[in-house]
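Asker: Residue numbers (our numbering), protein chains in the order written: chain A, 1 to 408; chain B, 1001 to 1210. Below you will find the structure I want to go over with you.
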């Protein structure tokens, strides 16, 4: 019983009305904030990308064009809802929810505030109850995030399959291959974080990185972060990995046959994902709600009380990553399909696996009392040899293919 | 560092300095007679092809002689011309005939300027105006009364068109050297004329350039 309800200190012991109401309130706030953030994310994306393309961007609807997304949403809702004749009716209706719901679910486990500094454990007291500024803090938090993000693949895959149309099918086939292969690199780089943090719960991971020196970005050695960033961009089908909806090749990709509110749900899920992924990135590698601190000197935002300051920091870090994703979108041309697969299987997965082994070797060495320098050097040599073997294998197979007359 | 260079290129574009889009409302603000500083058109390129005008000579005579060359050359078949013999007592154009009916259907016109090149008398030229829209098909057909310039040689301003101060001084530049009736200065040279303008112009030299 405790293990299930242990997701929040609220629910340990007798369940009373106040904790229940607090949880309901949190759910409501998460939902509303999620929707609003998505709306603003679309606006933010359009503004920033317009800036990068020497344009103005939306600026007519509401102040600074903030209501443009709302207007688009309202327009979408009043469009004709069309289900193609050859579509699989049930799956066609189900698919949008399979993309839209996971995007929200991942939001639930991210710490959105709280004070983890100075020995505090990040809990806050609301209405006399001790709780966390996150909807749930399950002991398997990170696994939950990975599981949820792979469910989103089903939404896209089934959407294309159920449309009964060729291009959406092609788009969804690409999507499933791409997302499955990048999921591995994503999970492996996440595993290094878990290895360093020693916990799967997101609040535990945040509590582990109170200063810049203990940020997992530093303690895992930047490579897992880079891999995670690239793999998450691919996982969300953002450019330059947006082969799933490559307009030039596949009309609209998996959602070609969708219209009206169903398309709206896809749209929502698609723009919700960067937000949740940015939050996850800041939680895993950049200390989430923790303020930026060099050793003992902490940069505090003045005038904002403890727990709220954490929220402000989360938002700032989230915006940095959202900007980064838009920046990628504006800069990089789309990869070809084989380049995408090459990057995933021949670079990211071996690199993340190797780095994981290196860190694991260091841990084992710590426990066994080996000399850390020798451990690292030996591990690095082993990795180098494995890498050369991998390259040799790749080269041999390429030569083999060329001998048989393949193009690449 | 190719990737970082690319990232730098995009991030440097931020800011008003590099912006090419102007806040032009498409005439909506202007039509409400509101003076909005932001609602400015940008300078149009010299050779932009806009809506046509039918020109007059300085004495008020129409230049169109009803030869139908423009209609014949039009690739979109959007021009309809019918010529008629001039009344000898009260001629409309200096020639034998004049354009009696002259219609251009702007739903079809592709603004290729071939009619302007074909015209032997420079009767039809194009302005730089493209800010005109209509709500039904009948309005898309400009008749002679709308196309013909006024007594002062300036194009008429239709109520649905977005003419700004000074805009009617410019016409579109056009290909001269290919037209046998073209400017003698351009004979044998393929190039573009500058602004043609409206109203009185200095007489051009004859075909031999004297």
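We put the beta carbon where it would ideally sit given N, CA and C, even for glycine.
Compare the C-beta of residue 1116 of chain B against all C-beta atoms of chain A and say whether one is closer than 8 Å.
Answerer: Within the second chain, residue 1116 of chain B is the residue found at index 116, counting from 1. For residue 1116 of chain B, the answer is no, since every Cβ of chain A falls outside 8 Å of its Cβ.
Asker: Let me confirm a value: residue 1008 of chain B is counted as buried when at least 16 other C-beta atoms fall within 10 Å, else exposed. Which label applies?
Answerer: In the second chain, the residue the question calls residue 1008 of chain B occupies position 8. With fewer than 16 other Cβ atoms within 10 Å, it is exposed.
Asker: With 8 Å as the threshold, decide whether the Cβ of residue 51 of chain A is near any Cβ in chain B.
Answerer: Taking the first chain and counting its residues from 1, one reaches residue 51 of chain A at position 51. Residue 51 of chain A counts as touching chain B.
Asker: Would you call the segment 370-387 of chain A in contact with the segment 341-356 of chain A, where contact means no fewer than 3 C-beta pairs closer than 8 Å?
Answerer: Judged by Cβ distances under 8 Å, the segment 370-387 of chain A makes contact with the segment 341-356 of chain A, as three or more pairs qualify.
Asker: For residue 1052 of chain B, go through chain A and note every residue whose CB falls closer than 7 Å to its CB, in chain order.
Answerer: To locate residue 1052 of chain B, count along the second chain from 1; it is residue 52. Under the 7 Å cutoff, chain A gives no residues; its nearest Cβ is about 32 Å from residue 1052 of chain B.
Asker: Look at the alpha carbon of residue 37 of chain A and the alpha carbon of residue 275 of chain A, and state the distance between them as a whole number of angstroms.
Answerer: Taking the first chain and counting its residues from 1, the one referred to as residue 37 of chain A is at position 37. Taking the first chain and counting its residues from 1, the one referred to as residue 275 of chain A is at position 275. Computed Cα separation, rounded: 8 Å.
Asker: Which residues in chain B sit within 7 Å of residue 46 of chain A, going by Cβ to Cβ distance?
Answerer: Against the first chain, residue 46 of chain A aligns to sequence position 46. Ordered by position in chain B, no residue passes the 7 Å Cβ test against residue 46 of chain A, which lies about 13 Å from the chain.
Asker: I need the boundaries of the alpha helix (DSSP H) containing residue 78 of chain A, first residue and last residue.
Answerer: Start at 1 with the first residue of the first chain, and residue 78 of chain A comes out as number 78. Element bounds for residue 78 of chain A: n/a, residue is neither H nor E.
Asker: Which bits of chain B does residue 61 of chain A rub up against, with CB to CB less than 7 Å?
Answerer: As a working mapping, residue 61 of chain A is identified with position 61 in the first chain. Ordered by position in chain B, no residue passes the 7 Å Cβ test against residue 61 of chain A, which lies about 14 Å from the chain.
Asker: Taking the alpha-carbon positions, what's the residue 286 of chain A to residue 214 of chain A distance?
Answerer: Here residue 286 of chain A is taken as the residue at index 286 of the first chain, counted from 1. Here residue 214 of chain A is taken as the residue at index 214 of the first chain, counted from 1. Their Cα atoms are separated by approximately 9 Å.
Asker: Assuming residue 158 of chain A contacts residue 94 of chain A under a Cβ cut-off of 8 Å, what Cβ separation, rounded to an integer in Å, is found between them?
Answerer: Along the first chain, read from residue 1 onward, the residue named residue 158 of chain A stands at position 158. Along the first chain, read from residue 1 onward, the residue named residue 94 of chain A stands at position 94. That pair is a contact at about 7 Å.
Asker: Return helix, strand or coil for residue 140 of chain A, following the three-state DSSP convention.
Answerer: Position 140 of the first chain holds residue 140 of chain A. It is coil, neither helix nor strand.
Asker: Residue 401 of chain A to residue 391 of chain A, Cα distance in whole Å?
Answerer: Here residue 401 of chain A corresponds to residue number 401 of the first chain, with the count starting at 1. Here residue 391 of chain A corresponds to residue number 391 of the first chain, with the count starting at 1. About 15 Å.
Asker: Would residue 370 of chain A and residue 1010 of chain B be called neighbours here (beta carbons separated by less than 8 Å)?
Answerer: On the first chain, residue 370 of chain A is found 370 positions in, with the first residue counted as 1. On the second chain, residue 1010 of chain B is found 10 positions in, with the first residue counted as 1. Contact flag unset, no.
Asker: I want to verify the contact list: residues of chain B whose CB lies under 7 Å from the CB of residue 327 of chain A, in sequence order.
Answerer: Working through the first chain from its first residue, we reach residue 327 of chain A at position 327. Going along chain B in sequence order, the residues near residue 327 of chain A (Cβ under 7 Å) are 1007, 1010, 1011.
Asker: Are residue 87 of chain A and residue 163 of chain A closer than 8 Å when you measure CB to CB?
Answerer: Position 87 of the first chain holds residue 87 of chain A. Position 163 of the first chain holds residue 163 of chain A. Result yes, Cβ atoms of residue 87 of chain A and residue 163 of chain A sit closer than 8 Å.
Asker: When DSSP builds the beta bridges, which residues end up paired with residue 1142 of chain B?
Answerer: The residue labelled residue 1142 of chain B in the question sits at position 142 within the second chain. In the DSSP output, where bridge partners are listed per residue, residue 1142 of chain B has B/1104.
Asker: Could you confirm whether any beta carbon from chain B is found closer than 8 Å to the beta carbon of residue 334 of chain A?
Answerer: Against the first chain, residue 334 of chain A aligns to sequence position 334. So, not an interface residue.
Asker: Is it true that the segment 43-60 of chain A meets the segment 76-90 of chain A, where meeting means three or more beta-carbon pairs spaced less than 8 Å apart?
Answerer: The segment 43-60 of chain A vs the segment 76-90 of chain A: no contact.
Asker: Taking contact to mean at least 3 C-beta pairs separated by less than 8 Å, is the segment 224-240 of chain A in contact with the segment 330-340 of chain A?
Answerer: Verdict: yes, contact present.
Asker: Since I believe residue 1072 of chain B is in contact with residue 1100 of chain B (beta carbons under 8 Å), could you give me their beta-carbon distance rounded to a whole number of angstroms?
Answerer: As a working note, residue 1100 of chain B is residue 100 in the second chain. As a working note, residue 1072 of chain B is residue 72 in the second chain. That belief does not hold up - the Cβ atoms of residue 1100 of chain B and residue 1072 of chain B are roughly 17 Å apart, past 8 Å.
Asker: Alpha carbon to alpha carbon, how far is residue 1065 of chain B from residue 1097 of chain B? Give it in angstroms, no decimals.
Answerer: What you label residue 1097 of chain B is simply residue 97 of the second chain in a count that begins at 1. What you label residue 1065 of chain B is simply residue 65 of the second chain in a count that begins at 1. Each residue's alpha carbon lies about 5 Å from the other.
Asker: Identify whether residue 1037 of chain B lies in helix, strand or coil by the three-state DSSP scheme.
Answerer: Here residue 1037 of chain B corresponds to residue number 37 of the second chain, with the count starting at 1. Coil at residue 1037 of chain B, not helix or strand.
Asker: Keeping to the same chain, check which residues put their C-beta closer than 8 Å to that of residue 229 of chain A; ignore five residues upstream and five downstream.
Answerer: The residue you call residue 229 of chain A lines up with position 229 of the first chain. Contacts found: 281, 324.
Asker: Between residue 125 of chain A and residue 115 of chain A, what straight-line distance do the alpha-carbon atoms span, to the nearest angstrom?
Answerer: For the purposes of this step, residue 125 of chain A is identified with residue 125 of the first chain, where counting begins at 1. For the purposes of this step, residue 115 of chain A is identified with residue 115 of the first chain, where counting begins at 1. Distance between the alpha carbons of residue 125 of chain A and residue 115 of chain A: 11 Å.
Asker: Would you kindly check if the distance between the Cβ of residue 255 of chain A and the Cβ of residue 263 of chain A is under 8 Å?
Answerer: Start at 1 with the first residue of the first chain, and residue 263 of chain A comes out as number 263. Start at 1 with the first residue of the first chain, and residue 255 of chain A comes out as number 255. Contact flag set, yes.
Asker: Please confirm whether residue 22 of chain A and residue 129 of chain A have their CB atoms less than 8 Å apart.
Answerer: Within the first chain, numbered from 1, the residue matching residue 22 of chain A stands at position 22. Within the first chain, numbered from 1, the residue matching residue 129 of chain A stands at position 129. Taking 8 Å as the Cβ cut-off, residue 22 of chain A and residue 129 of chain A qualify as a contacting pair.
Asker: Are the segment 1012-1023 of chain B and the segment 1035-1045 of chain B in contact at 8 Å, needing three or more beta carbon pairs?
Answerer: Yes, the segment 1012-1023 of chain B touches the segment 1035-1045 of chain B.
Asker: Along chain B, which residues have their Cβ under 7 Å away from the Cβ of residue 18 of chain A?
Answerer: Along the first chain, read from residue 1 onward, the residue named residue 18 of chain A stands at position 18. Within 7 Å Cβ-Cβ: nothing; residue 18 of chain A doesn't reach chain B, min ~48 Å.
Asker: The beta strand (DSSP E) that contains residue 117 of chain A, what's its start and end?
Answerer: Start at 1 with the first residue of the first chain, and residue 117 of chain A comes out as number 117. Residue 117 of chain A -> no beta strand (DSSP E), and no H or E assigned at all.
Asker: Between the Cα of residue 134 of chain A and the Cα atoms of A/44, A/209, A/25, A/195, which residue gives the shortest distance?
Answerer: Position 134 of the first chain holds residue 134 of chain A. For the residues A/44, A/209, A/25, A/195, the minimum Cα distance to residue 134 of chain A belongs to A/25.
Asker: Using beta carbons (cut-off 8 Å, strictly below), is residue 330 of chain A in contact with chain B?
Answerer: Here the question's residue 330 of chain A lines up with position 330 in the first chain. Interface residue, yes.
Asker: Do you know how far the Cα of residue 153 of chain A is from the Cα of residue 1157 of chain B?
Answerer: If you number the second chain from 1, residue 1157 of chain B lands on position 157. If you number the first chain from 1, residue 153 of chain A lands on position 153. Going from the Cα of residue 1157 of chain B to the Cα of residue 153 of chain A covers about 58 Å.
Asker: Tell me whether residue 1213 of chain B sits in a helix, a strand or coil according to DSSP, three-state version.
Answerer: Absent from the model: residue 1213 of chain B. The displayed extent of chain B is 1001 to 1210, so no value can be given.
Asker: Starting from the C-beta of residue 1074 of chain B, find all residues in its chain whose C-beta is less than 7 Å away, skip the five residues before and the five after it, and write them out in chain order.
Answerer: Taking the first residue of the second chain as position 1, residue 1074 of chain B is located at position 74. Once the five neighbours on either side are set aside, the close Cβ partners of residue 1074 of chain B are 1114, 1115.
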